[in-house]
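Notes follow the structure.
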Amino acid sequence: MKTYSSSKLTLLSLLLVGAALGTHTSAQEAETLRPLAVDDYFAIQSVGSPIVSPDGAWVVYTVSTKDLENDRTESRLWSVPTAGGEARPITAKGWGVGSPSWTPDGQYLAFTARSDDQGSQLFRLDLRGGGERVQITNVEGGIGGYKWSPDGKRLLLSIRDKNTDDPSGPWVIDRLVFKQDYVGYLNHQRTHLYVHDLEAKTTIQITDGDYDDYGATWSPDGSRIAFVSNRTAEPDASSNTDIWLVDPDTPYDQQEPVRVTTNPGTDDSPIWHPDGERIGYLMTYTDRTDIPASYLQSKVAIIRIGEDEPVLLTTEALDRKAWDPTFSPDGSQIYVQLEDDGQVQLAAVSVADGELSRLITGQVQVGATAVAPDGSVVVAISKPRLPEDLFVLDANPPAGSEQPRRLTDVNGELLNSIWLSDVEELRFPTLDGTVIQTFVYKPQDFDPKRRYPAILWLHGGQESQYDYGFNFRVQLFAANGYVVVMPNVRGSGGRGLDFALSLNKAYGTHDVEDVIVATDYVIARGYVDPDRLGVGGWSSGGTLTNVVITKTDRFAGAISGASVGWYTSTYGHDPYYVWWHTELGPPWKNRDLWDSISPFMDVENITTPTLFIGGEKDWNQPIIHSEQMYQAMKHLGRETQLVVYPDAHHGIGKHSYQKDLLERFLGWFEKYVKG
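Structure representation (C-alpha cells):
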C-alpha cells in the first residue's frame, strides 16, 4: 500500500472567533436573560443537509421543528443566497421533507417526502415558477436514497426488497445477525440499486444478492456507478465492506459487480475524482484480530480503477478519525471532518502528497458540508452556545473579512432571550500520567467562592468523544444550578487508536479511574460540593455509570440510561455479534472476561439511589439490563426506580417521551443531589 506522509500539518489562519460565529449575548446582557427550560428543547430548530446550486448562487437546506403537541418532526426546505442575505422557505409547513438535491442543470430541486401509506418518495419543484411539487417515484415501501445522473436524465435509487414473509405467520430466522434496533428481526430483505429513466419511465435493477448495497454514486460521465457492499461469504460475520462498480444500463442478471478495493477492513464513502478514473474513500485496517472496527481510525485513501493498491493519503502519523469526504471542484483536495481532541474540524487533504490543512478549528463541531463550484465550502457549525447554523468558508475571501462567514441565524431570536453557559476546558493527569480532557459547564451567576452541586455526565458511544458542539442536556443541568463535568475518559475518541484501546477487553477499569480523578480535580478547584455529587449518562455513559456506583458511594444520586448490566445475559439479544466475538470471544469460553466487565456482578456494592431508564424496544442495549439492575437493587433494599418508555428504541425519539425524560432527570437529581 502506498502512503503519503501527513506529518506536516498546515494550520491556516482561519481560526473561528466569537464574532464570526455570531455570539448572541454579551456579559452585560446576561443579567436580563432567563434560564434554559425543558420546553426550549422543542423550540430550538435544527439545520441540516446543505446543498449549493450548480451556479453557486444559492444554498438550500433543511430546517426541522419539533411538534410536541402532535409528537412529530416537521422539516421544510429553505434557501439563502450564498453571498448572504435573507433566507426564505421553499416548501410549505407540514410536508416533512428531506434529502434535497439540485438537478444538474439547476432547473429543478428534488427532495424526499414521507407519508404513512407510501413511505419516502421523491418529488421535485420547478424553481422557475409555480412551486407545485411533482411526485417522481411511487415505489412500494418507499425509497432509501437517490442520486441524479450527471446529465439529469436518470435517477439512481436505493430500494429495499419487498417483504415476502407471511405477516400473520411466525418469524423464521436463519441469519447470523438477526436483529437491529428500529428495524426488529431481520430476514433476507436487502437494499439494492435501481436506475430509473425519467423520459422512458422505465426502471431496471442493477444489483442483487443476499447483500446490502449502499453509498452509491455516479461517475462523472454517468457510465459507471460505485457503491459499498460486504459481499463476503457471510456478510453478518465481519465488517469487511468494499467498493464495487456496476454498469447503470445493464440489469443485475446480465452483469457481475467489479470489485475495486480488497482491504480486509472497511472501505466506504466512495467519491469520484473529477477525472472519472480515481475514487476517493475512507478505509480502516489493522493486522490485529481482536480489535472491533469501531475502535479503528478511518483513513482517507484514493485508488485508481484497475489498480490493486490504493494510495493512503492520511497515515498513522495523523491517528484520528475522518469522515464525510468530498472532493474540491478541481480534484486537488479532499475535504473531511476530522475528530481531534474535543474538536470536530474541517480539514483538506492534498491528493498530490497527502498534506493536511486544518481549515476550521477551535471551539467548534463541524457538521454537514457542501462544496460550491468556486471551491467555497458551506458548512454547518455548532458551538457550546450555538445550535447548528450554516457558515461559508470563502475560496477567495475579501481582505480582512471574518472567516468562516455566517449564512443563517435560525435560532437567533430564541437564543437572544436565554442564558447559556460557556464551557471551560480542563486538562489534568490521571493515575498513569495520561492527560485527560474534561469540559465543565457552570450555572448562571457563577461564583467561584461558592460550592455547587455537580453532575458527572458521561458520554455514550464508548469510543466517541465529548466535543464543543451544542449540548442541550448539559446546558439544562447548568441552567438548574449544577456544575456539569464531562470527562473524555480513556477509551474515548479524538486521541488516537492507543487511547481508544485503553478499554479493549477492560471496560470499567481506566474509565472509572478517570471519572474519579475528574471528580477529585473539580472538587479541589473549590467550586464543587463533595457532598452533592450526581453521576449519569446514556448508552455507554449509562453503563459506565453502573460501574462507577459499584466502585464508590460518593455520589448522592445516579441516572443510568439505556445501559448494560450483565453482558452475557443479552448475548444474541443485541446486534453486536461481530463486536463481541472480535473483542471478547464467545462467553462460553471466556465467561470470566465477560463477567469481569459486567457491573451486575458487583450490584450488591451499590448504595447510590439510581434511576434506570430506557426504551421497551431498545435492541441496541436491551431494556433487560436495566430490569436486572433494578430487580437486584430492589431485592437488596436499595433506593431505585425503573422507567420504561413503551415502543421506544435506543434514542427515545418520541417528543413527549423526551419531555418526560428531561423532567425526570431534573427531578431525580433535585431529590437526591441538591437535597
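Residue numbers (numbering that gives the first Met the number 0): 0 to 674. Beta carbons are placed, not taken as given, at the ideal position from N, Cα and C, and that holds for glycine.
Kindly indicate which three-state DSSP category residue i falls into: helix, strand or coil?
i	result
residue 649	coil
residue 433	coil
residue 531	strand
residue 146	strand
residue 267	strand
residue 675	Only positions 0 to 674 of the chain appear in the structure, and residue 675 is not among them; the question remains open.
residue 598	helix
residue 20	Below a pLDDT of 50, predicted positions are generally treated as unreliable, and residue 20, at 48, falls in that range; the measurement from the model is reported next regardless. It is coil, neither helix nor strand.
residue 570	coil
residue 298	strand
residue 357	strand
residue 178	strand
residue 281	strand
residue 563	coil
residue 655	helix
residue 212	strand
residue 51	strand
residue 125	strand
residue 557	strand
residue 593	helix
Please classify residue i: is it buried, with 16 or more other beta-carbons within 10 angstroms of its beta-carbon, or exposed?
i	result
residue 276	exposed
residue 68	exposed
residue 184	exposed
residue 400	exposed
residue 635	exposed
residue 262	buried
residue 168	exposed
residue 674	exposed
residue 114	exposed
residue 692	In this structure the chain extends from 0 to 674, so residue 692 is not present and cannot be described.
residue 440	buried
residue 587	exposed
residue 347	buried
residue 633	exposed
residue 191	buried
Throw me the rounded Cβ distance for the residue i and residue j pair, which I believe falls under 8 Å.
i	j	result
residue 265	residue 285	Residue 265 to residue 285, Cβ: 11 Å. No contact.
residue 44	residue 470	In fact, because the Cβ distance is near 16 Å, the residues do not count as touching under 8 Å.
residue 377	residue 334	Rounded, the Cβ-Cβ distance is 11 Å, inconsistent with contact.
residue 486	residue 435	6 Å
residue 461	residue 502	7 Å
residue 226	residue 272	Rounded, the Cβ-Cβ distance is 17 Å, inconsistent with contact.
residue 343	residue 332	Between residue 332 and residue 343 the Cβ distance is about 18 Å, and since that is not below 8 Å, they are no contact.
residue 233	residue 312	With 8 Å as the limit, residue 233 and residue 312 do not qualify as a contact, their Cβ atoms being about 31 Å apart.
residue 567	residue 538	Contact flag wrong, Cβ pair sits at about 19 Å.
residue 457	residue 556	14 Å between Cβ atoms; not a contact.
residue 438	residue 422	5 Å
Hey, quick one: how far does the alpha helix (DSSP H) through residue i stretch, first residue to last?
i	result
residue 576	576-582
residue 690	An answer regarding residue 690 cannot be provided, because it is not within the stretch 0 to 674 covered by the chain.
residue 65	Careful: residue 65 lies outside any alpha helix (DSSP H), inside the beta strand (DSSP E) at 57-66.
residue 497	496-499
residue 475	471-478
residue 514	509-523
residue 39	39-42
May I ask which residues mark the beginning and end of the beta strand (DSSP E) holding residue i?
i	result
residue 195	190-196
residue 108	107-114
residue 487	482-487
residue 159	153-159
residue 414	Here residue 414 belongs to no beta strand (DSSP E); instead the alpha helix (DSSP H) covers 411-414.
residue 345	342-349
residue 680	With the chain running from 0 to 674 in the structure shown, residue 680 is simply not present.
residue 625	Element bounds for residue 625: not the beta strand (DSSP E) but the alpha helix (DSSP H), 623-634.
residue 163	Neither: residue 163 is in no beta strand (DSSP E) and is coded neither H nor E.
residue 132	132-134
residue 454	451-457
residue 228	224-228
Just grab the DSSP bridge partners of residue i for me.
i	result
residue 613	643
residue 665	According to DSSP, which records beta bridges pairwise, residue 665 is partnered with nothing at all.
residue 381	364
residue 120	112
residue 711	One cannot answer for residue 711 here, as it falls past the ends of the chain, which runs 0 to 674.
residue 438	424, 485
residue 80	57
residue 672	Residue 672 is not bridged to any residue.
residue 96	112
residue 323	For residue 323, which the question treats as bridged, DSSP gives no partner whatsoever.
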